[in-house]
Amino acid sequence: MHIVSLALGGCLKAEPVRYGLTEDTGGHITYILGEMEALSRRSDVRIAEIVTRRFDAPDLGTIHAEAVEQVNPKLFITRIDSGEPSYLAKDALRADREAFTQALIAEFRARKRLPDLIHAHFADAADVAIAVEQALGIPFIYTAHSLGLDKRAAMADHSSALEARIAEEDRAIAKARAVVGSSRDECERQLAAYPSARLGKINRLIPGIDRELAKDRLSSANDLIAPFLRDPKKPMVLAIARPVHKKNLVALVEAFGNSATLREKCNLVVLAGLRDSLSSGNLEQQQVQRALVESVDRHDLYGCVAYPKSHTREEVKALYSLAKRTHGVFVNPALMEPYGLTLVEAAAQGLPVVATKVGGPQDIVAELDHGLLVDPCDTSEISTAIERLVTDRSLWNRCSRNALVNSAGMSWDTYAAGFASIAAEILHDAKNEQTPAKLLVSDLDNTLTGCRAGIRRFDKFMQRQNEFGFVIATGRSIVEARRLVRDWSLPVPFAWITSVGTEVYMEDDRGLTLDEGFARQIAAGWDASSIDRILAGHPDLILQPSYEQRDYKRSYFVEDAGRVSRIEQLLRSEGVAARVVFSHGRLLDILPPRAGKAAAMMHVAERIGVPSSHVFAAGDSGNDIDMLTTCENAILVGNHAEELASLAARPNVYRSRRENASGALEGVLAHHRARQRRMRQREGVPA
1 MHIVSLALGG
11 CLKAEPVRYG
21 LTEDTGGHIT
31 YILGEMEALS
41 RRSDVRIAEI
51 VTRRFDAPDL
61 GTIHAEAVEQ
71 VNPKLFITRI
81 DSGEPSYLAK
91 DALRADREAF
101 TQALIAEFRA
111 RKRLPDLIHA
121 HFADAADVAI
131 AVEQALGIPF
141 IYTAHSLGLD
151 KRAAMADHSS
161 ALEARIAEED
171 RAIAKARAVV
181 GSSRDECERQ
191 LAAYPSARLG
201 KINRLIPGID
211 RELAKDRLSS
221 ANDLIAPFLR
231 DPKKPMVLAI
241 ARPVHKKNLV
251 ALVEAFGNSA
261 TLREKCNLVV
271 LAGLRDSLSS
281 GNLEQQQVQR
291 ALVESVDRHD
301 LYGCVAYPKS
311 HTREEVKALY
321 SLAKRTHGVF
331 VNPALMEPYG
341 LTLVEAAAQG
351 LPVVATKVGG
361 PQDIVAELDH
371 GLLVDPCDTS
381 EISTAIERLV
391 TDRSLWNRCS
401 RNALVNSAGM
411 SWDTYAAGFA
421 SIAAEILHDA
431 KNEQTPAKLL
441 VSDLDNTLTG
451 CRAGIRRFDK
461 FMQRQNEFGF
471 VIATGRSIVE
481 ARRLVRDWSL
491 PVPFAWITSV
501 GTEVYMEDDR
511 GLTLDEGFAR
521 QIAAGWDASS
531 IDRILAGHPD
541 LILQPSYEQR
551 DYKRSYFVED
561 AGRVSRIEQL
571 LRSEGVAARV
581 VFSHGRLLDI
591 LPPRAGKAAA
601 MMHVAERIGV
611 PSSHVFAAGD
621 SGNDIDMLTT
631 CENAILVGNH
641 AEELASLAAR
651 PNVYRSRREN
661 ASGALEGVLA
671 HHRARQRRMR
681 QREGVPA
């Protein structure tokens, strides 16, 4: 494959990059370089090409006037000359877009071979990619990075420019062959809020992180901040962000200045882009820079705050490490953060975090369990969270340990494998047109995942035979289920049963699409508003994140399995008809009476004409109970949860000796052999 990564804004070049040099030279450049370097290492990628604008601005670096920059033998940066030699900030790029688009199309037409795929970063690049696809037929994938709908909500901005951007983002979502997001919040709330969004087209790919740290940079990073500080050995409260209002850096200085504990015990280090003076940059940058200095001055923080004018990427990585050594904290107080790559970078160095609860950080902190979430508009909440981490050593130690352990799997190579898988699906468009004679319906977590050798055996079995249609049945959302299938290299399912059997997705002419017929089937008797009202503030329940709440599912955490029956009784006493499903020792899902994995399984079978006797089902936990009790050919994998132990005595259930995917495969073969024996007996053939 020849993959093009397309981005119009910022000073895009090979490392070292002067991040913060302009307002558009930020995290997306780290993302693009990490993505493309990893793709260039893959054997299935022939060329990895970054395409951006060519401009001549010596103060920003002479490299940006070069037509081609070679990064490695397979990776290079191509700069397109649109006829406008000036550097253009994002607000000025629109006027240059048509000329850039035509120049890019001309560049591609002049080549002997076209690229296979474009990865467009931000909606302006997607708009260019739409025109390129119309002219040359090159498909594209869209990554938004930052979305206007959330900015409008967080910043109360209803300007015509923002409304135009939102419309452009919706068009990009509609036209892209696939849409990529980084966090569950971005994929399942932010992107899903757009009119043209379809969850079946949205893919979550977790960005990687650079873990390497040059030891000689530690001293230079210390030299960067030491002149500002009376006692550099105090715990460091570190923040790194562009100087724009939405990053909310002034609120962090206010939170620090209002806390006697933090002023006494800590140092505050703020890296707010690069500047020559307080008059550097555009008007917004100047306003934020001046507000930061005024807040420092108002609270008289001199001697305990460092605010360096410039820094390198290596110094930033070293500052994470220095902050960890002082038992400090990294803080992201943004009013809205689409993802939060800095939180993952902090995790890679074992540095606990305090982060905004608006946007992607709620996913990152939940998954890495390395810090605390706060309301970015409440400075007292921000200061209290920082105080907790720097004064409670056991909490700090736990968060630091979790950061290192739980972030270990976040790599650009993993990201590249997922991206290549999505690209291959788009380019090969390999849809299974054959209707299967049998269905293997399997739970995902622990039933299949857990052993890669077992998954390889499972995959080979599915490749060898063509009578089975593979169906996933999971408590996860469609976005998370697809991510896990990619991460574990499982076969692409024939159909997807997701969100504990409340959603069914199958391929049609529009791609992977929600089965509206099943949705109508389970809607009868469902009263979500009454469930919300009855269980609001219930002392036994903790509401799961917003993206876990689906049209036909309400999800909670419950710490005591004994309380589940009380929840069921409460709903019955209020006259609410619902199914209550408890699994994995703490997950509680409330579904419509007609929903569940069993109902969805039978719906898929009926839709494609597979008799129930030819349906096989495998599971391991409580949300599989209805499926395993209903299916004639049920499989209980060897590593099943204790809550399913009683099912092993049922005549329709085969209890596998093996675990995970190997156990599922063992059960399929065992049921198949048993069926053949029964057929021979009915025909009078000796066993």
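In this text, residue positions in the sequence shown follow full-length UniProt numbering: the first is 1, and each later residue adds one.
Glycine is no exception: its CB is placed at the ideal position from the N, C-alpha and C atoms.
Range of the contiguous beta strand (DSSP E) that encloses residue i
i	result
residue 70	68-72
residue 460	Taken as a continuous stretch (DSSP letters only), residue 460 belongs to no beta strand (DSSP E), being part of the alpha helix (DSSP H) at 452-464.
residue 497	495-498
residue 654	653-655
residue 268	267-271
residue 583	579-583
residue 197	Note, residue 197: premise wrong, no beta strand (DSSP E); not H, not E.
residue 570	Counting along the chain, residue 570 falls outside any beta strand (DSSP E), though it belongs to the alpha helix (DSSP H) covering 564-573.
Classification of residue i by the beta-carbon crowding that lies within 10 angstroms, buried from 16 upward
i	result
residue 242	buried
residue 317	buried
residue 374	buried
residue 640	buried
residue 32	buried
residue 609	exposed
residue 327	buried
residue 302	exposed
residue 80	buried
residue 477	buried
residue 674	exposed
residue 62	exposed
residue 562	exposed
residue 121	buried
residue 363	buried
residue 158	exposed
residue 25	buried
residue 460	exposed
residue 574	exposed
residue 498	buried
Under 9 Å between C-beta atoms of residue i and residue j
i	j	result
residue 337	residue 371	no
residue 688	residue 352	Absent from the structure is residue 688, since the part of the chain shown begins at 1 and ends at 687.
residue 571	residue 531	yes
residue 168	residue 96	no
residue 127	residue 427	no
residue 323	residue 349	yes
residue 696	residue 178	This structure does not reach residue 696, given that the chain is present from 1 up to 687, and the question cannot be answered.
residue 1	residue 423	yes
residue 389	residue 306	no
residue 690	residue 558	What is shown of the chain runs 1 to 687, which leaves residue 690 out entirely.
residue 445	residue 502	no
residue 333	residue 249	yes
residue 653	residue 628	yes
As assigned by DSSP and simplified to three states, the class of residue i
i	result
residue 412	helix
residue 559	coil
residue 22	coil
residue 368	helix
residue 119	strand
residue 57	coil
residue 588	strand
residue 671	helix
residue 335	coil
residue 258	coil
residue 206	coil
residue 619	strand
residue 79	strand
residue 96	helix
residue 373	strand
residue 660	helix
residue 665	helix
Whole-Å CB distance - residue i paired with residue j, under 8 Å assumed
i	j	result
residue 500	residue 591	6 Å
residue 205	residue 415	5 Å
residue 368	residue 355	Contact flag wrong, Cβ pair sits at about 10 Å.
residue 161	residue 447	Their Cβ separation, rounded to whole angstroms, is 49 Å, which puts residue 161 and residue 447 out of contact at 8 Å.
residue 413	residue 41	7 Å
residue 690	residue 612	Since the first and last residues shown for the chain are 1 and 687, residue 690 lies out of range.
Span of the alpha helix (DSSP H) around residue i
i	result
residue 603	597-608
residue 322	313-325
residue 384	379-391
Heavy atom of the ligand NAP within 8 Å of residue i beta-carbon
i	result
residue 178	Of the ligands one can find in the structure shown there are none, so the ligand NAP has no counterpart to examine.
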